[in-house]
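S.K.:
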Amino acid sequence: MIRQVYRNRELMRNDLLKKLLLQQLVASREFHAENARVLDVEVCKGLGAKLWDKNGKEYLDFIAGQGANSAGHCHPKLIGAMQEQMCVLHHTTRSINNNVLPEFCQTICTLFNYDKVVVMNTGNESVELAVKLARIWGYNVKKICPKDAIVVFTNGNYWGCSFGAISASMDPLLFTGFKPLVPNMKLIPYDDPCSLEEILRHPNVCGFVTEPIQADVGVIVPQEGYLAEVRRLCTQNKVLWVCNEVMTGLGRTGLMLGADHECVKPDILCLGKSLSGGMYPVSATLASCEVMELLRKGSHHSTYAGNPLGARVASTMLKLIREDALCENATAMGTLFRDGLLCTLNKDDMPVMRGRGLLWAIKIDPRIGDPCDICNHLRDCGLLVWPCRDEFLRFTPPLTITEEEVTQAIAIIKKVIDHMKGCHKICT
Numbered sequence: 001m002i003r004q005v006y007r008n009r010e011l012m013r014n015d016l017l018k019k020l021l022l023q024q025l026v027a028s029r030e031f032h033a034e035n036a037r038v039l040d041v042e043v044c045k046g047l048g049a050k051l052w053d054k055n056g057k058e059y060l061d062f063i064a065g066q067g068a069n070s071a072g073h074c075h076p077k078l079i080g081a082m083q084e085q086m087c088v089l090h091h092t093t094r095s096i097n098n099n100v101l102p103e104f105c106q107t108i109c110t111l112f113n114y115d116k117v118v119v120m121n122t123g124n125e126s127v128e129l130a131v132k133l134a135r136i137w138g139y140n141v142k143k144i145c146p147k148d149a150i151v152v153f154t155n156g157n158y159w160g161c162s163f164g165a166i167s168a169s170m171d172p173l174l175f176t177g178f179k180p181l182v183p184n185m186k187l188i189p190y191d192d193p194c195s196l197e198e199i200l201r202h203p204n205v206c207g208f209v210t211e212p213i214q215a216d217v218g219v220i221v222p223q224e225g226y227l228a229e230v231r232r233l234c235t236q237n238k239v240l241w242v243c244n245e246v247m248t249g250l251g252r253t254g255l256m257l258g259a260d261h262e263c264v265k266p267d268i269l270c271l272g273k274s275l276s277g278g279m280y281p282v283s284a285t286l287a288s289c290e291v292m293e294l295l296r297k298g299s300h301h302s303t304y305a306g307n308p309l310g311a312r313v314a315s316t317m318l319k320l321i322r323e324d325a326l327c328e329n330a331t332a333m334g335t336l337f338r339d340g341l342l343c344t345l346n347k348d349d350m351p352v353m354r355g356r357g358l359l360w361a362i363k364i365d366p367r368i369g370d371p372c373d374i375c376n377h378l379r380d381c382g383l384l385v386w387p388c389r390d391e392f393l394r395f396t397p398p399l400t401i402t403e404e405e406v407t408q409a410i411a412i413i414k415k416v417i418d419h420m421k422g423c424h425k426i427c428t
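For the sequence shown, counting from 1, position 317 maps to 317 in the UniProt record's numbering; every step adds exactly one.
(1) In terms of alpha-carbon separation, which member of R389, C375, L399 lies closest to residue 436?
(2) Fully enclosed by the segment 276-311, which alpha helix (DSSP H) runs are 4 residues long or longer?
(3) Quick one: what's got a C-beta closer than 6 Å to S274's C-beta in the same chain, skipping five residues either side?
(4) Here's a check: name, in chain order, each residue in its chain whose Cβ is nearer than 7 Å to the Cβ of R389, leaving out the five neighbours to either side.
(5) Here's a check: name, in chain order, each residue in its chain whose Cβ is nearer than 7 Å to the Cβ of L129, leaving out the five neighbours to either side.
(6) Apart from the five residues just before and just after G310, which ones in its own chain have a Cβ nearer than 6 Å to its Cβ?
(7) Since P398 and A81 should fall inside the 8 Å C-beta cutoff, what is the C-beta to C-beta distance between them, to a whole number of angstroms?
(8) Have a look at the DSSP bridge pairing and note the partners of V151.
(9) Using C-beta distances below 6 Å, list every residue in its chain close to R201, excluding the 5 sequence neighbours before and after it, in chain order.
(10) In terms of residue numbering, what span does the beta strand (DSSP E) encompassing N55 cover?
(11) Using a Cβ-Cβ cutoff of less than 6 Å, which residues in the same chain neighbour K421 once the five nearest sequence positions on both sides are dropped?
(12) Decide if C327 is buried, meaning its Cβ has at least 16 other Cβ atoms within 10 Å, or exposed.
(13) Who are the Cβ neighbours of F175 in its own chain at under 8 Å, not counting the five residues just before and after it?
(14) How about I401 and C381: do their beta carbons lie closer than 7 Å?
(15) Could you work out which residue in C109, L78, N184 is closest to I144 when comparing CA atoms only?
(16) Which residues does DSSP list as the beta-bridge partners of I220?
(17) Which value, in whole angstroms, describes the spacing of the CA atoms of V313 and G278?
(18) Could you round the C-beta distance between R231 and W241 to whole angstroms and report it? I think they count as a contact, below 8 Å.
(19) Where does I199 sit, in a helix, a strand or coil, going by DSSP?
(20) Comparing alpha-carbon positions, which option in P203, G177, L271, L173 lies nearest T210?
(21) Note down, in chain order, each residue of its chain lying with its Cβ closer than 7 Å to the Cβ of G164, except the 5 sequence neighbours on either side.
(22) Give the single residue among N124, D115, L378, C289 whose Cα lies nearest to the Cα of N244.
(23) What would DSSP say about R389, mapped onto helix, strand or coil?
(24) With burial defined as no fewer than 16 other Cβ atoms inside 10 Å of the residue's Cβ, what is the status of M1: buried or exposed?
(25) Going by alpha carbons, who is nearest to E391 out of N307, P172, I364?
(26) Give a yes or no on whether the C-beta atoms belonging to G340 and I410 are separated by under 7 Å.
(27) By the DSSP assignment, the alpha helix (DSSP H) with C263 in it spans what residues?
(28) Where does D191 sit, in a helix, a strand or coil, going by DSSP?
(29) Per DSSP, what kind of secondary structure is Y59 in: helix, strand or coil?
(30) For the beta strand (DSSP E) that C87 lies in, which residues bound it at each end?
(31) In terms of alpha-carbon separation, which member of A330, R356, H419 lies closest to D373?
(32) Using 10 angstroms around the beta-carbon of H73, count the other beta-carbons present and answer buried if the total reaches 16, otherwise exposed.
(33) Quick check on the burial criterion: 16 or more other C-beta atoms within 10 angstroms. Buried or exposed for C105?
(34) For a test of the three-state rule: what should DSSP assign to R135, helix, strand or coil?
(35) Can you tell me whether C87 is buried or exposed, with buried defined as 16 or more other CB within 10 angstroms of its CB?
(36) According to the Cβ coordinates, are G100 and P308 closer than 7 Å?
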């Protein structure tokens with residue numbers, strides 16, 4: 001009798017919590033336009049690789065702000081730097097010089113061996129500027145006729161939702177209803193040197209934009225030597241190579257840059273996301289003096305770009321990557337995650353796994369469940385994972401992740417897959 005009373009109270013409590021959560025979700029959907037896909041979970045606290053909701057339920061965060069929170073949630077060094085800077089000077093705009101930005105510019109240019117940098121806010125802005133730089137370089141240096149400059153991209157690319165970005169996209173979800181788009185954006189297959197060689201012969205091509213690994217379409221890792229061939233062909237045909245390292249840069253793949261795996265240097269480097277550890281929107285576009293000096297004063301700027309608060313936290317993050325050996329940890333924990341999943345799940349259940357460092361994607365047998373269903377089950381078991389395009393699950397945990405947390409995530413994935421297989425009575 002007493003047990004039944006307690007059980008009834010627990011059921012009533014759970015029903016009340018569900019109603020409160022539903023009310024919060026309804027309020028969110030009532031007032032916020034549904035412009036993005038959102039997992040059905042609401043968190044209110046984070047620390048390291050973990051998140052908690054209002055009911056105290058704990059989650060391992062293998063989304064990490066789509067890779068931006070590379071130092072985990074609420075890293076004390078980043079918070080300390082921001083708090084200190086906020087008490088002195090937080091925002092000026094580029095209309096006024098501040099004493100923090102020059103130090104950051106020198107640090108990042110020295111670190112990656114570039115002459116100049118333009119500091120912006122988002123990764124989208126970083127690549128957008130790179131495209132503008134490629135065009136103005138094409139007109140002034142390559143002497144392409146006005147309005148004829150062509151910028152080449154690869155199928156499956158992603159760098160945001162601005163008009164420039166959606167004009168270079170193959171995803172109808174991004175560009176449907178928004179035409180006309182930006183002209184002279186051409187697409188070729190990814191990881192296809194022959195297609196690249198053919199299109200770069202066109203005299204009006206000024207730039208080629210690509211990612212070292214395509215994260216948005218299931219973490220496609222190109223064949224070994226692809227980036228080296230990109231470098232060779234761009235140099236041979238007098239075309240600027242723009243490398244979008246917004247996702248792959250700053251330790252995500254186990255090295256500071258994804259391009260470092262082939263020891264090649266792009267003409268224009270784009271960074272974002274984890275440049276501030278997810279604490280504040282900061283991005284950077286780096287290039288040579290020859291390219292950067294084509295910009296006219298006032299031709300490209302933003303209200304928040306280069307503010308002292310963003311510059312301070314970004315400088316701290318670059319220092320943190322080196323001091324805390326985040327690249328090395330990404331390699332070690334990525335290997336543990338890969339080997340653990342390959343040993344735990346059989347080939348029929350997980351036919352595809354690809355990635356590098358702490359950027360991974362897996363494809364699960366569709367008979368077990370679609371990616372969204374699997375993500376929902378993983379969420380219920382305390383693991384947050386993102387369903388990306390082409391039926392893949394993507395994993396981008398913080399670079400500070402521990403062996404214990406990786407092992408826990410593997411166990412949750414195994415538990416969910418086994419449970420869903422049992423529900424669907426799949427024989428493999």
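Beta carbons are placed, not taken as given, at the ideal position from N, Cα and C, and that holds for glycine. No experiment lies behind these values; they were computed from the predicted model shown.
M.R.: Once the coordinates are examined:
(1) Residue 436 lies beyond the stretch modelled for the chain, which goes from 1 to 428, so this question has no answer here.
(2) 289-292
(3) A68, S70, L250
(4) D216, V217, G218
(5) V118, M120, T285, H300
(6) Y280, V282
(7) No, P398 and A81 are not in contact; Cβ-Cβ is about 18 Å, not under 8 Å.
(8) M185, G207
(9) none
(10) Careful: N55 lies outside any beta strand (DSSP E) and carries neither H nor E.
(11) I368
(12) buried
(13) I166, S167, S169, L181
(14) no
(15) N184
(16) Q214
(17) 10 Å
(18) 6 Å
(19) helix
(20) L271
(21) E128, V131, V182
(22) N124
(23) coil
(24) Low per-residue confidence applies at M1: pLDDT is 49, beneath 50, and the placement is therefore not dependable enough to give any value.
(25) I364
(26) yes
(27) Counting along the chain, C263 falls outside any alpha helix (DSSP H), and DSSP gives it neither H nor E.
(28) coil
(29) strand
(30) That residue, C87, is in no beta strand (DSSP E); it is neither H nor E in DSSP.
(31) H419
(32) buried
(33) buried
(34) helix
(35) exposed
(36) In the sequence on display, residue 100 carries Val and not Gly. Yes, these two residues count as a Cβ contact at 7 Å.
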